[in-house]
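Undergrad: Dropping a structure here in structure tokens format, bear with me for questions.
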Amino acid sequence: MTFPLQDLLTILPELIVIGTACLILALDPILEATKKDVLAWLTLGALAMCIGLTSSQMTGRVSAFSGMVVIDAYAAFWKLLLYIVTGLTVLLSLAYLKAERLSIGEYYGFILLALAGMMVMVSGADLLTIYLGTELMSLSLYVMAGLKRTEARSLEASAKYFVLGAFSSGVLLYGISLLFGLAGSTGLSAIAAAITAHGTGDPLLSLALVLLAVGFGFKMAVVPFHMWTPDVYQGAPTSVTAFMAVASKAASFGAFLRVFVEGLGAASADWSVLFTVVCLATLALGNLVAIVQTNIKRMLAYSSIAHAGYALIGVVVAGGHSGEGASTGFASVLLYIAIYSFMTLGAFALVGMLRKEGQESDQIEDYAGLAKREPLAAFFMLVFLVSLAGIPPTAGFIGKFYIFMAAVNGGMTWLAIVAVIFAAISAFYYLRIVMVMYMREAEGSIATHSRLETSPALSLVLACALAGVVLLGLFPNGLWSLASQAAPLLK
Amino acid sequence: MAVPLSYYLILSGFVFLTGVVGVLIRRNIIVILLSVELMLNATNINFVAFSEYFHNVAGQVFVFFALTVAAAEVAVGLAIIIALHRAHSSIYIDDLNLLKR
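From first to last, the protein sequence lines are chains A and B. First residue of the first sequence: 1088, per the numbering used here; consecutive thereafter. First residue of the second sequence: 13, per the numbering used here; consecutive thereafter.
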């Protein structure tokens, strides 16, 4: 069996990422412990090549490997976002691994393997490729969560993530097998055709729909499938947490939209009701439970659950419409996740590098008096938190604005109002940290206060995240036009 | 005489539910891992049965991929369980309670 060269060229970015990952795994044992940074630069080089290649695939719709993979502006949008957040994660890891005294070269290999899985997820046009991508991503992330092998918390996070992740994959796969039974094929277009031909009344279809929603719900961390999120985000090394919170969520949303729109679009009346309930539960639980957290990583975990809820509003609105209304809804989801990525990554970068006595200081108490000790770090945190709360002129406001506009234009004003109320509640717990940083004095001796461990790589990460949050807040048109170019390709 | 499709689906549904209940009520991570394997194998029964029903080989190809993924999952899972046992001296879900506050 041979593959046409054209097909291989189409997936060149994926091949580069996987090839570099293998190269890193091979180089790791022969490199001295002090020279592991080379592997990070190798990773960044591969990402730069991929950005160039994927940017040239923004137009048209190319399908490869007998319709298993599709490359279009929609896939390219997610891939570019994934390259950027992966690059920032690698830079953050350079600083973070040094501070934690972890010299593990294969870490970068796992990041690239996870990225390859995510890329396959967002450009898969067949449930087989989407499933394989999801698994490649998840297996790499299980290992990365447990990377601090000597620390019981990290391993506990890894084990919990593994058990629930494997369970959700099993549920997802069962849903896929039922869809195969309905359509006689696992291709998304064939499934769409079968649903149009048979109608949506089939109980087997409803069951498959629910099972797929559960499977993707776990990966996107929406209520009621969120219970792993706080534990895993808290226990995993912070650079890995940032990667999970941002990249894995983005890829899961990308694959989720592709499956539910291109494959199950004809049943959108059914699933938009389902996701309205999920969306309301996610908004309520994420925002309310975040209030009582005392650990900032757990708080950001609940905040990331809540943000998935805001993004789901766009999905629900788009599911209830066709044509123009649907495209605007999906475009607002794409925009929201992209903006969410920058602010969450920035916040986690600061959380990982604020340290005392060689340890991460992840209690909210540790942030007391930060504005006096580290004025610049406190200011960066302020911007990220204000953006997460959705206050203008930051990007977080723009993201929420487009989502709420889509809801109002789509005739779901009540949903927008509910979401605004929850956004107001969320301002309480984000601004509480700002208050702790700026208004409270630190207690105890100076040696026990948390300080920011600066390094050029960390400065670059923070600068990029801040630039993303501020510039996208002031000039959102470029990103919006990219998102609204990508969204109509879902059909 | 061929066995009707519905028999396979009832069997796979039963195996799948056994797996789900096992994941939910068992406390030992290795037993949970076995239950997940039951869920994946229930899926394989479905794929093979539908593949035979439609005379479409794609379902059986999917089974190969699912088996491979399941093997990779077990490899990663057992590695995590061994590391966990070294750090915690326990592989019971109830003993994993460091991450709360």
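Ideal Cβ placement from N, Cα and C applies to all residues, glycine included.
(1) Using the beta-carbon of each residue, which ones in chain B are nearer than 7 Å to A/Y1229?
(2) Here's a check: name, in chain order, each residue in its chain whose Cβ is nearer than 7 Å to the Cβ of A/C1551, leaving out the five neighbours to either side.
(3) From A/V1470 to A/L1553, what distance separates their C-alpha atoms?
(4) Could you check if B/Y19 is buried or exposed, using at least 16 other CB atoms within 10 Å of its CB as the buried criterion?
(5) If the criterion is Cβ atoms closer than 9 Å, does the pair A/T1273 and B/A87 meet it?
(6) Any idea what DSSP makes of B/N40, helix, strand or coil?
(7) Closer than 9 Å by beta-carbon distance: list the chain A residues that pair up with B/G34, in chain order.
(8) Between the Cα of A/L1299 and those of A/P1575, A/Y1218, A/P1317, spot the shortest distance and give me the residue it belongs to.
(9) In this structure, does DSSP put A/A1151 in helix, strand or coil?
(10) With a cut-off of 9 Å, does the C-beta of B/A78 fall near any C-beta of chain A?
(11) Is the beta carbon of A/L1260 less than 9 Å from the beta carbon of A/I1278?
(12) Any idea if B/D107 is buried or exposed, counting beta-carbon neighbours within 10 angstroms, 16 or more meaning buried?
(13) CB-CB under 8 Å to A/L1291, same chain, minus the five flanking residues each way: which ones, in chain order?
(14) Report the residue from B/L110, B/R38, B/L21 whose alpha carbon sits nearest the alpha carbon of B/S63.
(15) In whole angstroms, what separates the C-alpha of A/T1130 from that of A/F1340?
(16) Run through DSSP, which three-state label would A/E1193 get?
(17) Determine which residues of the region 1298-1327 of chain A have a Cβ less than 7 Å from any Cβ of chain B, and write them out in chain order.
(18) Label A/G1288 either buried or exposed according to how many other C-beta atoms from any shown protein chain fall within 10 Å of its C-beta, with 16 as the threshold for buried.
(19) So, are the CB atoms of A/S1419 and A/A1534 less than 9 Å apart?
(20) Can you pull the chain B neighbours of A/T1273, defined as C-beta to C-beta under 7 Å?
(21) Run through chain A and tell me which residues come within less than 9 Å of B/V48, C-beta to C-beta.
(22) Just how far apart, CA to CA, sit A/F1429 and A/V1507?
(23) For a contact meaning CB atoms closer than 8 Å, what does B/F62 contact in chain A?
(24) Does the distance from the CB of A/F1330 to the CB of A/I1191 come in under 9 Å?
(25) Could you list which residues in chain A have their beta carbon closer than 8 Å to that of B/L108, in chain order?
(26) List the whole-angstrom C-beta distance separating A/R1385 from A/S1537, where the pair is believed to meet the contact cut-off of C-beta under 8 Å.
(27) Under 8 Å between beta-carbons, which chain B residues line up against A/Y1261? List them in chain order, please.
(28) Counting only beta-carbon separations shorter than 9 Å, does B/I37 have a partner in chain A?
(29) Compare the C-beta of B/A95 against all C-beta atoms of chain A and say whether one is closer than 9 Å.
(30) Does the Cβ-Cβ distance between A/M1468 and A/A1182 come in under 9 Å?
(31) Report the neighbours of A/G1220 on chain B: residues whose CB is nearer than 9 Å to its CB, in chain order.
(32) My parser needs the beta strand (DSSP E) runs of 3 or more residues fully inside the region 1421-1467 of chain A; what are they?
(33) Does the distance from the C-beta atom of A/V1319 to that of B/I105 stay below 9 Å?
(34) For A/D1213, name the three-state secondary structure that DSSP assigns.
(35) Does the CB of B/I105 have a neighbour CB from chain A at under 9 Å?
(36) Of the residues A/G1445, A/I1520, A/D1213, A/M1499, which one's Cα is nearest the Cα of A/L1457?
TA: In terms of the structure at hand:
(1) Here residue 1229 of chain A corresponds to residue number 142 of the first sequence, with the count starting at 1. Within chain B, the residues near A/Y1229 are V88, I92.
(2) Position 464 of the first sequence, counted from the first residue, corresponds to residue 1551 of chain A. So the list reads L1175, once near-sequence residues are dropped.
(3) The count along the first sequence starts at 1 and reaches residue 1470 of chain A at position 383. The count along the first sequence starts at 1 and reaches residue 1553 of chain A at position 466. For A/V1470 and A/L1553, the distance between alpha carbons rounds to 8 Å.
(4) In the second sequence, counting from the first residue as 1, residue 19 of chain B sits at position 7. Classification for B/Y19: exposed.
(5) As a working note, residue 1273 of chain A is residue 186 in the first sequence. As a working note, residue 87 of chain B is residue 75 in the second sequence. In this structure, B/A87 does not lie closer than 9 Å to A/T1273 by Cβ.
(6) The residue you call residue 40 of chain B lines up with position 28 of the second sequence. Of the three classes helix, strand and coil, the one that applies to B/N40 here is strand, per DSSP.
(7) Translated into positions along the second sequence, residue 34 of chain B becomes position 22. Under the 9 Å cutoff, chain A gives no residues; its nearest Cβ is about 10 Å from B/G34.
(8) The residue you call residue 1299 of chain A lines up with position 212 of the first sequence. Of A/P1575, A/Y1218, A/P1317, the residue nearest in Cα terms is A/Y1218.
(9) Indexing the first sequence from 1 puts residue 1151 of chain A at position 64. If DSSP states are grouped into helix, strand and coil, A/A1151 belongs with the strands.
(10) Counting from one through the second sequence, the residue named residue 78 of chain B turns up at place 66. By the rule that beta-carbons nearer than 9 Å mark a contact, B/A78 touches chain A.
(11) Mapped onto the first sequence, residue 1260 of chain A falls at position 173. Mapped onto the first sequence, residue 1278 of chain A falls at position 191. Cβ atoms of A/L1260 and A/I1278: not closer than 9 Å.
(12) Here the question's residue 107 of chain B lines up with position 95 in the second sequence. Exposed: under 16 other Cβ atoms inside 10 Å.
(13) Taking the first sequence and counting its residues from 1, one reaches residue 1291 of chain A at position 204. Once the five neighbours on either side are set aside, the close Cβ partners of A/L1291 are L1265, G1268, L1269.
(14) Within the second sequence, numbered from 1, the residue matching residue 63 of chain B stands at position 51. For the set B/L110, B/R38, B/L21, the Cα lying nearest the Cα of B/S63 is the one of B/L21.
(15) Locating residue 1130 of chain A in the first sequence gives position 43, counting from the first residue. Locating residue 1340 of chain A in the first sequence gives position 253, counting from the first residue. Roughly 24 Å between the two C-alpha positions.
(16) On the first sequence, residue 1193 of chain A is found 106 positions in, with the first residue counted as 1. In this structure, A/E1193 counts as helix in the three-state DSSP scheme.
(17) D1318, Q1321, G1322
(18) Counting from 1 along the first sequence, the entry for residue 1288 of chain A is found at position 201. In summary, A/G1288 is exposed, with fewer than 16 beta-carbon neighbours lying within 10 Å of its beta-carbon over all protein chains present.
(19) Counting from 1 along the first sequence, the entry for residue 1419 of chain A is found at position 332. Counting from 1 along the first sequence, the entry for residue 1534 of chain A is found at position 447. Not in contact: A/S1419 and A/A1534 (Cβ atoms no closer than 9 Å).
(20) Position 186 of the first sequence, counted from the start, is the residue given in the question as residue 1273 of chain A. Chain B residues near A/T1273: A70, F74.
(21) The count along the second sequence starts at 1 and reaches residue 48 of chain B at position 36. Correct list: V1250, A1253, F1254, S1256, G1257.
(22) Taking the first residue of the first sequence as 1, we reach residue 1429 of chain A at position 342. Taking the first residue of the first sequence as 1, we reach residue 1507 of chain A at position 420. Looking at the two C-alpha atoms, the distance is approximately 21 Å.
(23) Start at 1 with the first residue of the second sequence, and residue 62 of chain B comes out as number 50. Correct list: S1264, F1267, G1268, G1271.
(24) Here residue 1330 of chain A refers to the residue found at position 243 of the first sequence. Here residue 1191 of chain A refers to the residue found at position 104 of the first sequence. Contact: no.
(25) What you label residue 108 of chain B is simply residue 96 of the second sequence in a count that begins at 1. By Cβ distance, chain A contributes E1243, A1246, K1247.
(26) Here residue 1385 of chain A refers to the residue found at position 298 when the first sequence is read from its first residue. Here residue 1537 of chain A refers to the residue found at position 450 when the first sequence is read from its first residue. With a Cβ gap of about 17 Å, A/R1385 and A/S1537 do not count as contacting.
(27) Here residue 1261 of chain A is taken as the residue at index 174 of the first sequence, counted from 1. For a Cβ distance threshold of 8 Å, residue set F28, M51, A54, T55, N58 of chain B lies close to A/Y1261, ordered along the chain.
(28) On the second sequence, position 25 is the one that residue 37 of chain B refers to. It does not; no Cβ of chain A falls within 9 Å.
(29) If you number the second sequence from 1, residue 95 of chain B lands on position 83. Output row for B/A95: interface = yes.
(30) Numbered from its first residue, the first sequence carries residue 1468 of chain A at position 381. Numbered from its first residue, the first sequence carries residue 1182 of chain A at position 95. It is not a contact, given that the beta carbons lie outside the stated cut-off.
(31) As a first step, residue 1220 of chain A is located in the first sequence; it is residue number 133 there, counting from the start. Chain B residues near A/G1220: none, gap ~11 Å exceeds 9 Å.
(32) 1441-1443
(33) Position 232 of the first sequence, counting from 1, holds the residue named residue 1319 of chain A. Position 93 of the second sequence, counting from 1, holds the residue named residue 105 of chain B. Going by C-beta atoms, A/V1319 is not nearer than 9 Å to B/I105.
(34) Here residue 1213 of chain A is taken as the residue at index 126 of the first sequence, counted from 1. If DSSP states are grouped into helix, strand and coil, A/D1213 belongs with the strands.
(35) Residue 105 of chain B sits at position 93 when you count from the first residue of the second sequence. Yes, because at least one Cβ of chain A sits closer than 9 Å to the Cβ of B/I105.
(36) In the first sequence, residue 1457 of chain A corresponds to position 370, counting from 1. The shortest C-alpha separation from A/L1457 is found at A/I1520.
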